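Residue numbers (this note's numbering), protein chains in the order written: chain H, 1 to 291; chain E, 1 to 361.
First comes the structure, then the notes that go with it.
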């Protein structure tokens, strides 16, 4: 697994909001199931001293860090406050920062990621479902019931499409090491390149499913720089140019980032590309048997 | 959202970048009042939200005598199907050399990317292919408000020294206006100095509010209606309406329609945690598209509860056929509700899409 395990203490920013409260509950249910630490502290400015599902809430990240051993965080604050939350956590020394928040202006994201990188933190997201390592840890909002533990890593720009693929894998008896939703925005912290590097150093991960979509060329960049066997799927082959397909980053611009050219470049680099999600499990199986 | 040329020029002028003398007119009768300020040679540019307007006849040259008649003719034209409601009347520049300058968001470095080339005036994509060495690239740190002088020197090269402050001014525009793209093509030298002959700015849709915009002009009426309900919506033109949750799953559903030989009417992502009322609005919105013969609902419940979705579909009470795939939270309850009312339920996205394609074939 990558970006943390059972022993990782998680902090939630926006702990007292509707989303924060709901998902602290789910994350800690999962932690209890697998014997992990889960969410150990929450932060909401002005709400210090309260508790959410028994988790103590602090006014600042630094205060929470004084009382707890924290390795990662999950952000549920509104778009206008999210880049500040990323920077506060990076400043306090949190290693892995997962930002679930959608609709953050790109310039805020660029600045927050530049700052976090200077501080040595890794940002996952924004506009992402977080990550889940079956049997170890859940940081974010992925529905844990669909997952099973195994050797396949999954990296995706999407949320529900990831669940669809994970569900297909699990039904086919193919377990996952870590499933990472890297986010649907044009600028995200950990890209395919970064997550693939982590998977390369992870002894549990033997193959990777890469779920991309229209916009940019980071799927191809990632696939080029790894030795791990990969199966890819690219959503948006029917996407018209210059239209944002739900995700801020899912757009074919200036004739670039369309699905057909991405698929062609991946195939040119020897990466098998599924033409629909239901083909993925069989293609992964072929990677393992080498046929 | 893309700014129109006259809006983009107003913005860069505020930041100190010289632009040609120009006036926005809404009728040809407004033009005579500005003729003295415009000089002898005039260019009339249709302000339409479409690319390639020059080649489509949206930019006309005139002089003092012909200007009004030319403007009248341009107002009567349609540029790529769009009526001309506004014209930017500008002085023609005495161009000596054309440069290209742009600033974009670079996904790979996660930072602003500045491009400058002395080989301006032509299509930048063509230069990129035929003479990539001519394009100078610099990646800037978004935490810095100004580009350091060395970056300006690297970019400008042998270009006149007045160019360097203009690059920095455009960088300020890019940062302060939440731009996804700030472009001057061409940036020109004339005996009177350096001018931005054209300007293009795309503002981040997620920053429209703080940039003072109340509506996103790039959206169609139905797309705007969808936005009010919190849906992501894109109009296509097939017969199969599509409702999904999550952008990736919805896109994948459209792709599957194409894979099985059908044509989707739309992309509609209801978002996470959709309740029955939102689903009802989504179904009604898609059903209101005249080309829609059948609607595919493909929802994977995580935060979204399948029984809520089922209630929404039933409440919409539309005349077209709805084929449903629901999986996840409260799946059994949702299925019971729909089957009771005679809706067709299928267990996988492949099956629902195949069925919809058969129905419309």
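Glycine included, each C-beta is placed from N, C-alpha and C at the ideal position.
The structure presented is a predicted model; accordingly, all values stated were derived computationally and were not measured.
Looking from the CA of residue 72(H), the closest CA among 123(H), 51(H), 59(H), 32(H) belongs to 123(H). Residue 328(E) belongs to the set of residues whose beta carbon lies under 8 Å from a beta carbon in chain H.
Contact between the stretch 6-23 of chain E and the stretch 190-205 of chain E is present, with at least three C-beta pairs closer than 8 Å. The beta carbons of residue 185(E) and residue 120(E) sit closer together than 8 Å.
Of the candidates 106(H), 258(H), 257(H), 106(H) places its Cα closest to the Cα of residue 79(H).
Distance from the Cα of residue 348(E) is smallest, within the candidate group 319(E), 253(E), 342(E), for 253(E). Interface criterion met: the Cβ of residue 104(H) is under 8 Å from a Cβ in chain E. For residue 171(E), the enclosing alpha helix (DSSP H) stretches over residues 163-176. Taking 8 Å as the upper bound for CB-CB distance, residue 182(E) and residue 102(E) are in contact here, some 7 Å apart. Annotation: the continuous alpha helix (DSSP H) that includes residue 336(E) extends over 331-340. Against chain E, the beta carbon of residue 60(H) has no neighbour under 9 Å; the closest one sits roughly 22 Å away. Non-local C-beta neighbours of residue 129(H) in its own chain, meaning closer than 6 Å and more than five positions away in sequence, comprise 140, 141, 142, 159, 181, ordered along the chain. Rounded to the nearest angstrom, the gap between the Cα atoms of residue 234(E) and residue 85(H) is 32 Å. Residues of the same chain with a CB within less than 8 Å of the CB of residue 19(E), apart from the 5 flanking positions on each side, are 9, 12, 13, 195, 196, 199 in chain order. Taking residue 138(H) as the centre and dropping the five residues before and after it, the same chain places the C-beta of 27, 30, 132, 144 closer than 7 Å to its C-beta, in chain order. The DSSP-derived three-state label of residue 283(H) is helix. With a threshold of 8 Å between beta carbons, residue 250(E) makes contact with chain H. With the criterion set as a beta carbon lying under 8 Å from some beta carbon of chain H, the members of the stretch 114-142 of chain E are 125, 141, 142, in sequence order. For the stretch 85-113 of chain E, the set of positions with a beta-carbon nearer than 8 Å to some beta-carbon of chain H reads 105, 107, 108, 110, 111, 112 in chain order. Counting the other CB atoms within 10 Å of its CB gives residue 176(H) a total of 16 or more, which places it among the buried residues. At least 8 Å separates the CB of residue 232(H) from every CB of chain E. The DSSP-derived three-state label of residue 97(E) is strand. Taking a Cβ-Cβ threshold of 7 Å, the residues of chain H close to residue 269(E) are 246, in chain order. The Cβ-Cβ distance between residue 242(E) and residue 206(E) does not fall below 8 Å.
Fewer than three beta-carbon pairs drawn from the stretch 158-173 of chain H and the stretch 191-198 of chain H are found closer than 8 Å, and the two stretches are therefore not classed as touching. For residue 153(H), there is no enclosing alpha helix (DSSP H); the residue is part of the beta strand (DSSP E) that begins and ends at 149-156. The beta-carbon of residue 122(H) is placed no less than 8 Å from the nearest beta-carbon of chain E. Residue 207(H) has its alpha-carbon roughly 29 Å from the corresponding atom of residue 239(H).
In this structure, residue 233(H) places its C-beta atom within 8 Å of the C-beta atom of residue 274(H). Pairing residue 178(E) with residue 138(E) gives a Cβ-Cβ distance that is not under 8 Å. Where residue 235(E) is concerned, the enclosing beta strand (DSSP E) starts and stops at 232-235. At the C-beta level, residue 15(H) and residue 43(H) come within 8 Å of one another.
Considering only beta carbons, the part of the stretch 152-168 of chain H lying closer than 8 Å to chain E consists of 156, 157, 158, 159, 160, 161, 162, 163, 164, 167, in chain order. Inside the stretch 198-224 of chain H, DSSP marks whole beta strand (DSSP E) runs of 3 or more residues at positions 207-213, from first to last along the chain. Taken in chain order, the members of the stretch 230-255 of chain E whose beta-carbon sits within less than 8 Å of a beta-carbon on chain H are 232, 234, 236, 244, 245, 246, 247, 248, 249, 250, 251, 252, 254, 255. DSSP places residue 90(E) inside the beta strand (DSSP E), whose first and last residues are 87-91.
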